[in-house]
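The structure appears right after this line, and notes come after that.
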Amino acid sequence: MTKRKKWGWFLLFTGPLLLIFLTVVIVPFIIGTFYSFFQWDGISANPMVFNGLENYKNLLEDERFLESAWLTVKFTVFSVITINVVGLSFALFVTSKLKIANTARTMFFMPYLIGGLILGYIWQFVFSDVLKMVGEWTGWGSIFFNWLNDPEFALYTLVFVFTWQMAGYVMIIYITGLQGIPKDIIEAAHIDGANKWQQLKSITFPLLMPAFTISLFLTLSMAFKIYDVNLSLTNGGPANATELFAMNIFNEIFGYGNYGYGQAKAIIFFLIVAGVALTQVYVTKKREVEM
Amino acid sequence: MKKPNAYIREILLFLLALVFLSPIYIIAVNSFKDRASLYENVLAFPTEFNFGNYAQAIDDMNFMMALFNSFVITTISVIIIVILSSMTAWMLARTPHPISNIIFMLFISTMLIPFQTIMMPLIQEMGWIMDFTGFTMLDSRGGLIFMHVGFNSAISVFLYHGFVKSIPISLEEAATIDGASKMGVFWKIIFPMLKPITVTVLIINVITIWNDYLLPSLVLTSTDLRTIPLSTFYFFGEFTIEWNLAMAGLVMTVIPVVIFYALAQKHIIQGIGDGAVK
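As they're listed, the protein sequences go chains A and B. Numbering-wise, UniProt numbering puts 200 at position 200 of the first sequence, and it's gapless, one number per residue. Numbering-wise, UniProt numbering puts 122 at position 122 of the second sequence, and it's gapless, one number per residue.
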């Protein structure tokens, strides 16, 4: 085949998608970086004023932004832990020899398929009315009340609901990992007198390291970028106590009309997401090799 | 024979799964109640099945239109994604040249970009394209489909690329020597072999696109174009929440998902597993 013909086919196969991809992802990313150095209210008739790194400097003094960043870190740390603990436990339950295991697996995975927006609304009712009623019945009003109205508890409702959504998802990853562990190793340990916990700690968990890498990576970036559940469950409230990163950016741009400043936040958001994800993969990969 | 202990564990696991899904039970039972009996006991089974809430919610949400929009947008987007990303990934994997690597790396590296980072400039750019070319990129199903394809191309190309690498090249070479065109080789020989990964790509994209809220909320303004997440959002925003009505709305939004899950359960769990692990 001639060289020209070969590249013709290449263009025919890759061109259409590449064009769409460049238009939808790459070009906006470049424009976005450019906007982040300007002051602009988003109205095309109004001038865009170049102000260099001013937007980025202002970020460091923006208390609401810093608060939101801190909340996001808190939310992410808690959720990554709870999702992985619950997901791994589910995976261990459903890979046991119990007859009900398959049904249970199907049920645990279900919430992941329902979109974040919808399940935020579902839980809004559970927290606002069901929990309140349980409090009235049991008399434990100090534990069972509408957590969504409490600035301290509202963040944990997000952790709770996000765990409910994602636990089944990471369960699937851990199941794949568990199925890859040869049965005879576990049996050998059993014969040697290792109890269940020793088997888990010394054999299962170390051999699950690749699954840990994947699922930490995924839950970390998903938790950091959470928006839908945040919007439908708390909408940032009460009193901005749950306004996480993604929502803060959205509100800055489309709520307050600070297009340039909001875009600077968005770029920082990208840098953090990329940085955390890459570091995490690097660190975990290194540990895998050492084992 | 099983020890009694094993039966207890069976029951415990089943109970755990039931408790886990109890919110679904709660929205289902309350969707049939009127306002008064809902607040009597939010956990009780309804005394009579009243479908009035459903009729009202279908009307308020314009549910049938939303279902149609979600269905059309998801289906067409996913078909285009499968066609274009499989072609792209195969060509990149089978063309040993730095250009292929550069394009592939470009796809992969953007997987770290959060949607919020590009949402505003994206909408601006789509406005410009509309002004210059007359293509209705904003407030149209076609424009939204275009953007869904763009956003989901990276993960899809990545998955196909990995799979193509695992197929022996000799099969294709035999066909090429026979004088078949690349298009013919791809659709007759390669694409059928990609079936397992196509299922994964289909499922991951269906779930993402069906549930997406933020992108459609920025692109679509006409009420007639709203997808299910959008109409749910406005349903909750426009009316002071009448929970019995809201429950009926929520149950209806969950029904298509349950049907999808029931039909393709094995593929979904397999697909999600493969998609995450690769």
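Don't be surprised by glycine CBs; every beta carbon is placed ideally from N, CA and C.
N- and C-terminal bounds of the alpha helix (DSSP H) containing residue i
| i | result |
| --- | --- |
| B/Asn-50 | Taken as a continuous stretch (DSSP letters only), B/Asn-50 belongs to no alpha helix (DSSP H), as it is neither H nor E. |
| A/Met-171 | 151-179 |
| A/Lys-132 | 131-138 |
| A/Asn-102 | 101-113 |
| A/Ala-188 | 183-191 |
| A/Asp-228 | 228-233 |
| B/Tyr-25 | 22-30 |
| A/Ser-221 | 209-224 |
| A/Glu-63 | 63-94 |
| B/Asn-211 | 195-211 |
| A/Trp-197 | 196-199 |
| B/Ala-154 | 141-165 |
| A/Phe-10 | 3-21 |
| B/Pro-216 | 214-219 |
| B/Lys-188 | Element bounds for B/Lys-188: n/a, residue is neither H nor E. |
| B/Ala-44 | Careful: B/Ala-44 lies outside any alpha helix (DSSP H) and carries neither H nor E. |
| A/Gly-141 | From DSSP, A/Gly-141 is part of no alpha helix (DSSP H); its letter is neither H nor E. |
| A/Trp-123 | 116-125 |
Closer than 7 Å to chain A by CB, residue i
| i | result |
| --- | --- |
| B/Ala-17 | yes |
| B/Ile-167 | no |
| B/Ala-213 | Ala is not the amino acid found at residue 213 of chain B; the sequence shown has Tyr there. For B/Tyr-213, the answer is yes, since a Cβ of chain A falls inside 7 Å of its Cβ. |
| B/Pro-98 | no |
| B/Glu-40 | no |
| B/Ser-140 | no |
| B/Ser-31 | no |
| B/Met-1 | Bear in mind that the predicted position of B/Met-1 carries a pLDDT of just 47, short of 50, making it unreliable; the figure below should be weighed with that in mind. Closer than 7 Å: no. |
| B/Ile-269 | yes |
| B/Ala-276 | yes |
| B/Gly-184 | no |
| B/Tyr-261 | yes |
| B/Thr-110 | yes |
| B/Glu-238 | no |
| B/Thr-117 | yes |
| B/Phe-14 | yes |
| B/Val-219 | no |
CB of residue i within 7 Å of CB of residue j, strictly
| i | j | result |
| --- | --- | --- |
| A/Phe-90 | A/Met-171 | yes |
| residue 283 of chain B | B/Phe-49 | Residue coverage of chain B in this structure runs from 1 to 278, which leaves residue 283 of chain B outside it and unanswerable. |
| residue 294 of chain A | B/Met-91 | One cannot answer for residue 294 of chain A here, as it falls past the ends of chain A, which runs 1 to 291. |
| A/Ser-79 | A/Val-159 | yes |
| A/Tyr-227 | A/Tyr-169 | no |
| A/Thr-234 | A/Ala-167 | no |
| B/Asp-139 | B/Ser-85 | no |
| A/Leu-119 | A/Gln-165 | yes |
| A/Gln-199 | A/Ala-189 | yes |
| A/Asn-230 | A/Leu-244 | yes |
| A/Phe-270 | A/Thr-76 | no |
| B/Leu-245 | B/Gln-56 | yes |
| A/Phe-65 | A/Leu-59 | yes |
| A/Ala-104 | B/Ala-17 | yes |
| A/Ile-249 | B/Gln-116 | yes |
| B/Ile-76 | B/Ile-167 | no |
Chain B within 7 Å of residue i, Cβ atoms only
| i | result |
| --- | --- |
| A/Phe-13 | yes |
| A/Met-291 | The predicted position of A/Met-291 is uncertain, since its pLDDT is 45 and thus under 50; no value can be drawn from it. |
| A/Gly-236 | no |
| A/Trp-137 | no |
| A/Phe-125 | yes |
| A/Lys-225 | yes |
| A/Leu-113 | yes |
| A/Met-209 | no |
| A/Phe-50 | no |
| A/Val-77 | no |
| A/Met-133 | yes |
| A/Thr-242 | no |
| A/Val-229 | no |
| A/Phe-37 | no |
Sheet register partners of residue i (DSSP bridge)
| i | result |
| --- | --- |
| A/Phe-50 | A/Phe-38 |
Chain C residues whose Cβ lies nearer than 9 Å to that of residue i
| i | result |
| --- | --- |
| B/Ser-231 | Of the protein chains in this structure, namely A and B, none is chain C. |
Next item on the list: Jot down the residue ranges of each uninterrupted beta strand (DSSP E) in the region 75-126 of chain B, minimum 3 residues, whole runs only, in chain order.
Entry: none
Note to self: What ranges does the alpha helix (DSSP H) occupy inside the region 225-277 of chain B, keeping only unbroken runs of at least 4 residues that lie completely in it?
What the structure shows: DSSP runs (the alpha helix (DSSP H)) wholly in the region 225-277 of chain B: 228-238, 243-277.
Checklist line | Completely contained alpha helix (DSSP H) runs for the region 232-257 of chain A, where each covers 4 or more residues | finding: As far as the region 232-257 of chain A is concerned, its whole alpha helix (DSSP H) runs of at least 4 residues are 245-250.
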